[in-house]
Structures are given as C-alpha cells and as structure tokens.
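Participant: Got a structure for you, written out below as structure tokens; questions coming shortly.
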Amino acid sequence: MKIAKVEPLTTARALRGPFDYRLPERLSDVGVGSVLRVPFGPRRILGVVVELAATSDVAPEKLAEPIGALGAGVTPELVELGLWVADRYCSTASRGLALVLPPGSGTGSRAREARARTERVATITDAGREALTGDEGPRLGKRQLGALELLASAESGRSGRELAAEGADSTVLKRLEARGLVTLSEREMRRRPVIERIGAVSGPVELSAPQIACVESLVSALDGDGPRERLLHGVTGSGKTEVYLAAIEAALERGRGAILLVPEIGLTPQTLGRVAARLGDRVAVLHSGLSEGERFDEWRRLRSGEARVCVGPRSAVFAPISELGLIVVDEEHDASYKQEGDPRYDARAVARRRAAGAGAVYLAGSATPRPESWAELERLELPDRVDGRPLPPVEILDMREASPRAGPLHPTTREALAGLEGGAKAIVMLNRRGFSPHLSCSACGQAVECPHCDVSLVLGKGRGGPWRIGCHHCGHSEPPPKNCPACGSVSIGRHGAGTERIEDLVAELIEPAPVFRLDTDTTARRGGHADVLREFQRADSGVLVGTQMVAKGHDFPDVALSVLLDADSTLRYPDFRAEERTFSLVAQLAGRSGRGERGGRVLVQTLAPDAVPITAASHHDAPGFLAGELERRQTFGYPPYSGLIAVELTGADEGALAATADRLAAALRPGLSDEAELLGPAARFRRRGRYRRRILVKTPDPGQEAAAIRAAVEGKAVAADLKRGLTLSVDVDPQ
Ligand code: ADP
Ligand code: ZN
Ligand code: ZN
Numbered sequence: 017m018k019i020a021k022v023e024p025l026t027t028a029r030a031l032r033g034p035f036d037y038r039l040p041e042r043l044s045d046v047g048v049g050s051v052l053r054v055p056f057g058p059r060r061i062l063g064v065v066v067e068l069a070a071t072s073d074v075a076p077e078k079l080a081e082p083i084g085a086l087g088a089g090v091t092p093e094l095v096e097l098g099l100w101v102a103d104r105y106c107s108t109a110s111r112g113l114a115l116v117l118p119p120g121s122g123t124g125s126r127a128r129e130a131r132a133r134t135e136r137v138a139t140i141t142d143a144g145r146e147a148l149t150g151d152e153g154p155r156l157g158k159r160q161l162g163a164l165e166l167l168a169s170a171e172s173g174r175s176g177r178e179l180a181a182e183g184a185d186s187t188v189l190k191r192l193e194a195r196g197l198v199t200l201s202e203r204e205m206r207r208r209p210v211i212e213r214i215g216a217v218s219g220p221v222e223l224s225a226p227q228i229a230c231v232e233s234l235v236s237a238l239d240g241d242g243p244r245e246r247l248l249h250g251v252t253g254s255g256k257t258e259v260y261l262a263a264i265e266a267a268l269e270r271g272r273g274a275i276l277l278v279p280e281i282g283l284t285p286q287t288l289g290r291v292a293a294r295l296g297d298r299v300a301v302l303h304s305g306l307s308e309g310e311r312f313d314e315w316r317r318l319r320s321g322e323a324r325v326c327v328g329p330r331s332a333v334f335a336p337i338s339e340l341g342l343i344v345v346d347e348e349h350d351a352s353y354k355q356e357g358d359p360r361y362d363a364r365a366v367a368r369r370r371a372a373g374a375g376a377v378y379l380a381g382s383a384t385p386r387p388e389s390w391a392e393l394e395r396l397e398l399p400d401r402v403d404g405r406p407l408p409p410v411e412i413l414d415m416r417e418a419s420p421r422a423g424p425l426h427p428t429t430r431e432a433l434a435g436l437e438g439g440a441k442a443i444v445m446l447n448r449r450g451f452s453p454h455l456s457c458s459a460c461g462q463a464v465e466c467p468h469c470d471v472s473l474v475l476g477k478g479r480g481g482p483w484r485i486g487c488h489h490c491g492h493s494e495p496p497p498k499n500c501p502a503c504g505s506v507s508i509g510r511h512g513a514g515t516e517r518i519e520d521l522v523a524e525l526i527e528p529a530p531v532f533r534l535d536t537d538t539t540a541r542r543g544g545h546a547d548v549l550r551e552f553q554r555a556d557s558g559v560l561v562g563t564q565m566v567a568k569g570h571d572f573p574d575v576a577l578s579v580l581l582d583a584d585s586t587l588r589y590p591d592f593r594a595e596e597r598t599f600s601l602v603a604q605l606a607g608r609s610g611r612g613e614r615g616g617r618v619l620v621q622t623l624a625p626d627a628v629p630i631t632a633a634s635h636h637d638a639p640g641f642l643a644g645e646l647e648r649r650q651t652f653g654y655p656p657y658s659g660l661i662a663v664e665l666t667g668a669d670e671g672a673l674a675a676t677a678d679r680l681a682a683a684l685r686p687g688l689s690d691e692a693e694l695l696g697p698a699a700r701f702r703r704r705g706r707y708r709r710r711i712l713v714k715t716p717d718p719g720q721e722a723a724a725i726r727a728a729v730e731g732k733a734v735a736a737d738l739k740r741g742l743t744l745s746v747d748v749d750p751q
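Residue numbers (my numbering): 17 to 751.
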C-alpha cells in the first residue's frame, strides 16, 4: 500500500496535519511536493504531499483516496523549506507551504490551481511546403496561400494570435488543417515581464584585482573549498554587483542555478536591469509588481529549468530552482527582507538555511552590513570605489546652532543647493513625508491627533490635492481644522517639516531646475518609483527629494551633492537597532554622491552631531562602528548574542486585552528554557483603534522556545478571547 501524508492548505491554526490518504494505482507518480485535491470531511480541499509511507496508523478501510493531482507541484527540497519556515516562525504548515507553491495558489477557501495559459500554434507540414512549391496539389485561395507563405518562412510554428494580426485568421488555418497542409496544436504561453533599464548600464567590465580575489574565493566555495557563507563588505560603488554577476556566471557554468535577492524591486530597477542585460533569457524575475499570469509563467520557466537564475525581493528566496549553487542577498542590511504577514519570515535567514540544505554558497553583500553578519560570516572586502574615486567627504551641520527662524535647511545646505552647477544633481533625504508632521494649538497647546491611533496627524497635500491632515498608520484623513477642537482658538501652529515642505523650499532655491519627490505619496501607483527615478535621471539638472527610498542602491553618476536632514530622527526610536539603522542611512545616502567625474559632497544636518552612528558614518568607518556596536549588543544581551521573539496581542477593549496578555505571559513562562527571559506585557501605542500589548522573549536560541510559544498561543489562555475579536501574532527576530 502507498500512503501519502498530506498537509491541507487551510488557514485554521487548530488543524494539525498531516493526514493520511491511500494512493490508488492511477496516482502512482504522486511524490513529495505533489499538490492533491482531497476529500476533507464534507469538503474538497487542496493539500501538499509532505511524505510517502508504506503504512498508516489509520485502519486501511478508513483511509480516503485523493480525488486527483494538480499539474504543478514542487520539489521535496522546497517542501522541507516551507515546513522549516512554518516551524521556525511559529506559523502553520499550510502557510509555510503556501510560500513555496506556484504563485496564485492561495490557501484556505481561496486555494485553487494556478493555470498556464495556452495558445494555438500553427506549423506547416511537408505537404504544405509542396503545395507552395509544386505546380500540382490542391488549388488554394489567396488567403490560404498567404497563410502558408507566412508559415513557410518561419523556422518553427507560429502563434495563432500573431498570424491573425497578419491576416491569417483561424478559419483559414482550420481549412488548411483539414487539407493536411498545416497542423494546429496548443502550447503553453510564457507571459514575460518587461525589464526596464534605468541609470548607468555597462557591458561586461574587466574586473579589478580585489574583485577577482573575491570571485576566486567564491568560486572555490562553489567547488566545495572553504566556508560557504560569506559577507561581501564593499563601500558604495566598489563594484559588488560585478562580483555577484561573475559568481552567478560561475555557478551557471557548473550547471547550477542562482538566486539574487534585492530589496523592494521598485527601488532597485537598476540592479535588475543590469542582471537581465548580462544574463538574458537565463534570468526570471518574481515580484509583486508583475501580473499574476506573468508571475506564474516566470515561476514555470524556473521550475522547468528554462531559466536558471531568479532575481527578486524576499519571496524570490523560494524560487523553484533545482541544483541551486548560489544565493546572493544584495544590500543585506535592508529592512525589507523581513516579511510582515504570517509567517513573519526573514528572507536572509531562510536563504542561509536553504543554501546550507542545498550545498549552495550564501553571499550577503553591503556597504553597511548588519552586526549579525559581521560577527557570523566569513568576510570578503572591496575597500575602494572602482577607478579609485574617493568616497565623498561628509560635513556634519549642527542644527542646535542654527537659528530656529532659518527653517529646516541649514544656511550651508541652502548655499550648496543654490550653488549647484549646471548638470550637477543633488539628492535630499528626510525620513518623513507630508508637509508638517505636527499641528498644535498656539493658545492651549492641544495637539491634533488621530482619532484611531495615538499619533499626530500630518498636514500635507499628498499627490498635489487639497490640504488634508492624515494619519500614516490607519489612513484616516480630514480637512485641516480651522479652530482648536479644545479651546476654539484660530491660531493653529505647524511644526516641523516633511518631504512636501522640503520640496517647496528646494524648488525656490534651485529655480528653474526641477525638483522630483520620491515618497509613498508620489509612488503609490504600480511602477511609480521607476517613473520618478527615470524622470530624475533624464533631467539635465535637478534635485531628488524623498524619504529613505532615495538612499537605496541607485547609481546616478551626475549626483554631486547628498543632503540628509534630521539625521538623528531614527536614533530616537526606542529600538536596539536604532544605531545600526542610523549608521546605515547616513552611510548609504553618502554613497549616492560622487559616483561620476564631478566628485561629491555630503551634508548631514543633525541635533546630535556627536552620536556615534553619525560620526562613524561621516568617516565611512563601518568596521569601527560595527566593532563598537557588537560590544554594546554583547553588554545588553541583544542579537547576535541572543534571539528575540515578540508576541503581540491587539484588541478594542483595553481592560480585556490587558487581562488576556497577563494570562498569556503566565502560561508562557513555565514552558520556556532556563536561559530565556520574559519581558512584558508592555503597552504599545494604539493603532487603527486597537490597543496593543507586547510580550518579548529573549533567549540564546529562539528555536528552542518555539514549542512552548506555540503551545501557549494555541492554548486555553487565549483561545476564547481570540474568538471574541482579539488578535495575536508571533514575530521571531522582530525588526
Ligand atoms: P556597488 O554594487 O558596490 O555599489 P556597482 O557594482 O554598482 O557597485 O559598481 C559601480 C559602478 O562601477 C557601476 O557603474 C559598474 O558598472 C562600475 N564598475 C564595477 N566594476 C568595474 C570595473 N572592474 N571596471 C570598471 N567599472 C566597473
Ligand atoms: Zn487650543
Ligand atoms: Zn490613525
């Protein structure tokens, strides 16, 4: 007897699979990774085969048979990876497996089979060719003759859609088929996304000596010699991408596939364009900006081996590539590698795990690596920019000394922007969108806050509409108040600046040169990022103003000035990663400047000019910063010297929420290991009308606490409350 152990693709946490099904003869080629349609109680649902067995604990006569198997399954390697993610991030097997299934598969009631689209293809037969050349044969009308000629000149079959556009419609083709002059068949279509090139694009380059050393070391690792987990630390513009490309090519030469993970694709169209230009059809892309059909077809190209390299954001770590040789994580410090939904996986951790399982090389690259990677991975270094261009000097501007009346731009900043020479461009970053982030009554001090969240409402026009005050957490929006809601005064003060206000100020300074704004208000549409970046690139001169999006890996050679406003704003977050974030933001923004012949200048405005992350970044001193940061982490017992797991509860009724949080903490504590520390429950700010409580577990090994946490969150302490509208989420390695 052949038994398939099947994980049902349902969203219910309570369902504990896998469940056994008896495989009949007709399903004999079902294996681990096959997707089956199975009877499940009164329903029919989809499930993934996670194991095959010869026996079952269930009596044979009670075992049901699957109804059928779906076309596209996955490899055992990916099944194992999906289940590992589910386990590591305290999620469910079905959610973990959904990550590795073809795009569009879905879970629960939405589970369905994603389908390839087919098209009709016409191919000319030998008889057809004869009919064209010979004097004999059937007499053909003009249209049939025309269609045959079109087909005779093609090397293989042609799609019916193309032929119809050239005048050979399906009636004509069917007549020809009836006469045996053409054959008609159906073939799978590949809906291919268009990959656009933005910014500097170069052909293959001659690698520098340091680049060659890095590549050689990676190739040895590919061939099984030396550590398989590497960190490529290279300053911005040092040619890391060329090293990735050479390593990917080496993997391909060895018959192995590769994955290149990039931060959000909209922000890094340049990397994608460069890789696609170099590797051509061997590359597939997987990201949310594609249509579902395109994503599914790119997935199929990888699954079938037509494409061997996948480029994409975090979810591309699950690309169906066999014989995987290399996984590269570009800009490995980027926070977008952490998934927000369930499971809250970290693509970097998943990539490491997948590479280890597949015997592949894991390569993380960054100018500002994470302390974790610095401590754990074997390093490769690219210490200088290509062509020996210096890193731009960084000037720190102390805003405590600037007159409050001068506004958000320091006099030096104003001068530098106003003095930009023809053809030179600048980037100005402020990590806050809108016009003014705070409004308050000048008479009584009452702040204008969101009715649903404990945050200020932000004044702004968004994409150029009328003035509104809006909440950046829940989307609440209303017209600005004319009077103070508390005392009725008409004097409402605007405080601080966001990107909209900076856009106006910069525009005044650089007239008539244009200002481009890049933030989520201007790029909400699909492809919006690329549009703004393209306009900036094409302009003869101008300034790009935006949130941290402007600091990501763009390569514009004519940027001669970078400005960072309010550089310490990220330091004020109560988070142990605040220092790391601030350092990387300053250093990354500095890296956007001086990539061309002009050289560059960097200005950093701050109220905390002596803060270590800011001074270290101003000296481009990543090693110094990271050494100090690791010491601090060790002192306080933060990652990489411990792991963290956050359990968050939300509810509309604060009293009930607090009681449940206390019960959950009490239920959790006894199951944890002796070295684990439980912190909280602590209140977090109210969001979308929901109060929040967070319990934090600090432990040397999060994996070892997973069982206890799962037992508690699925146990009695919260079960009834979850039914009453309380929500719960578990976040391993929260960011
Ligand atoms: P990074 O990824 O480290 O920021 P890139 O790989 O984007 O650096 O390289 C920066 C620029 O230098 C790119 O325009 C790239 O084409 C160019 N470049 C990289 N390596 C070389 C080389 N060996 N010779 C000449 N140009 C190079
Ligand atoms: Zn007032
Ligand atoms: Zn709100």
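By construction, the Cβ of each residue, glycine as well, lies at the ideal position given by its N, Cα and C atoms.
The model shown is predicted, which means the values in this text are computed figures rather than measured ones.
Run through DSSP, which three-state label would residue 498 get?
Facilitator: In the structure shown, residue 498 sits in coil (DSSP, three-state: anything other than H, G, I, E or B).
Participant: Assign residue 101 to one of three DSSP states: helix, strand, or coil.
Facilitator: Looking at residue 101 - three-state DSSP - the assignment turns out to be helix.
Participant: Are residue 235 and residue 266 closer than 7 Å when you measure CB to CB?
Facilitator: Contact flag set, yes.
Participant: Closer than 6 Å from C-beta to any heavy atom of ligand 3: which residues, in chain order?
Facilitator: Taken from the N-terminal end onward, the list reads 466, 468, 469, 487, 489, 490, 492.
Participant: Taking 6 Å as the cut-off, is the beta-carbon of residue 459 closer than that to any non-hydrogen atom of ligand 4?
Facilitator: Summarising the ligand content, the structure contains ligand 1, ligand 2 and ligand 3 and does not contain ligand 4.
Participant: Using DSSP with H/G/I as helix, E/B as strand and the rest coil, what is residue 414?
Facilitator: Strand.
Participant: Just to confirm, does residue 472 get its C-beta within under 6 Å of one of the non-hydrogen atoms of ligand 2?
Facilitator: Because no heavy atom of ligand 2 lies under 6 Å away, the Cβ of residue 472 does not count as near it: no.
Participant: For residue 445, name the three-state secondary structure that DSSP assigns.
Facilitator: It is a strand residue.
Participant: Between residue 499 and residue 471, what straight-line distance do the alpha-carbon atoms span, to the nearest angstrom?
Facilitator: Each residue's Cα considered, the two are about 20 Å apart.
Participant: Buried or exposed, going by whether 16 or more other CB atoms sit within 10 Å of the CB of residue 19?
Facilitator: Buried is the call here.
Participant: Report yes if the C-beta distance between residue 723 and residue 683 is below 7 Å; otherwise report no.
Facilitator: No, these two residues do not count as a Cβ contact at 7 Å.
Participant: Would DSSP call residue 303 helix, strand or coil?
Facilitator: Coil at residue 303, not helix or strand.
Participant: Do residue 245 and residue 378 count as a contact pair if the criterion is CB distance below 7 Å?
Facilitator: In contact: residue 378 and residue 245 (Cβ atoms closer than 7 Å).
Participant: Between which residues of its own chain and residue 112 is the CB-CB distance below 7 Å, once the five residues before and five after are set aside?
Facilitator: Excluding positions up to five away in sequence, the list reads 98, 99, 101, 102, 359.
Participant: Write down every uninterrupted run of the alpha helix (DSSP H) in the segment 169-242 whose length is 4 residues or greater and which is fully enclosed by it, in chain order.
Facilitator: Runs found: 176-181, 186-194, 225-238.
Participant: Within 10 Å of its beta-carbon, does residue 458 have 16 or more other beta-carbons around it, so buried, or fewer, so exposed?
Facilitator: Exposed: under 16 other Cβ atoms inside 10 Å.
Participant: What does DSSP give as the partner residue(s) for residue 454 in the beta ladder?
Facilitator: Paired residue(s): 511.
Participant: Three-state secondary structure (DSSP) at residue 167?
Facilitator: Helix, per DSSP.
Participant: Please list the segments of the beta strand (DSSP E) lying wholly inside the segment 68-94, counting only runs of 3 or more residues, in order along the chain.
Facilitator: Complete beta strand (DSSP E) runs here, min 3: none at all.
Participant: Our contact map puts residue 489 next to residue 454 with C-beta atoms below 8 Å; I'd like the distance itself, whole angstroms only.
Facilitator: Going by Cβ atoms, the distance from residue 489 to residue 454 rounds to 15 Å, so no, they are not a contact pair.
Participant: Assign residue 399 to one of three DSSP states: helix, strand, or coil.
Facilitator: Looking at residue 399 - three-state DSSP - the assignment turns out to be coil, as it is neither helix nor strand.
Participant: Give a single yes or no on whether residue 463 has its beta carbon closer than 6 Å to a heavy atom of ligand 2.
Facilitator: Incorrect: residue 463 has no Cβ contact closer than 6 Å to ligand 2.
Participant: For residue 708, does the three-state DSSP call read helix, strand or coil?
Facilitator: If DSSP states are grouped into helix, strand and coil, residue 708 belongs with the strands.
Participant: Since residue 66 and residue 95 should fall inside the 8 Å C-beta cutoff, what is the C-beta to C-beta distance between them, to a whole number of angstroms?
Facilitator: Yes, residue 66 and residue 95 are in contact; Cβ-Cβ is about 6 Å, under 8 Å.
Participant: Is residue 505 near ligand 2 - that is, is its Cβ less than 6 Å away from at least one heavy atom of it?
Facilitator: Result yes, Cβ under 6 Å from ligand 2.
Participant: Helix, strand or coil: which one does DSSP assign to residue 63?
Facilitator: Three-state DSSP puts residue 63 in a strand.
Participant: Please identify the residue among 643, 737, 624, 566 whose C-alpha is closest to the C-alpha of residue 279.
Facilitator: Of the listed residues, the one whose Cα sits closest to residue 279 is 566.
Participant: Under the assumption that residue 670 contacts residue 629 (Cβ atoms under 8 Å), give the Cβ distance between them as a whole number of angstroms.
Facilitator: In fact, because the Cβ distance is near 36 Å, the residues do not count as touching under 8 Å.
Participant: May I ask you to verify whether the segment 319-333 touches the segment 343-353, counting CB pairs closer than 8 Å and requiring at least 3?
Facilitator: Yes, the segment 319-333 is in contact with the segment 343-353.
Participant: Relative to ligand 1, is the shortest distance from any of its heavy atoms to the C-beta of residue 618 smaller than 6 Å?
Facilitator: Incorrect: residue 618 has no Cβ contact closer than 6 Å to ligand 1.
Participant: Should residue 190 go down as buried or exposed, given a rule of 16 or more other Cβ atoms within 10 Å for buried?
Facilitator: Exposed, since its Cβ has fewer than 16 Cβ neighbours within 10 Å.
Participant: Is the CB-CB distance between residue 143 and residue 196 below 7 Å?
Facilitator: Taking 7 Å as the Cβ cut-off, residue 143 and residue 196 qualify as a contacting pair.
Participant: Going by C-alpha to C-alpha distance, which of 737, 248, 34 sits closest to residue 229?
Facilitator: Nearest of 737, 248, 34 to residue 229, Cα basis: 248.
Participant: Buried or exposed: which applies to residue 690, given that a residue is buried once 16 or more other Cβ atoms fall within 10 Å of its Cβ?
Facilitator: Residue 690 comes out exposed.
Participant: Quick one: Cα of residue 182 to Cα of residue 136, how far?
Facilitator: Cα to Cα, the separation comes out at about 15 Å.
Participant: In its own chain, which residues sit with a C-beta less than 8 Å from the C-beta of residue 165, not counting the 5 before and 5 after it?
Facilitator: Once the five neighbours on either side are set aside, the close Cβ partners of residue 165 are 148.
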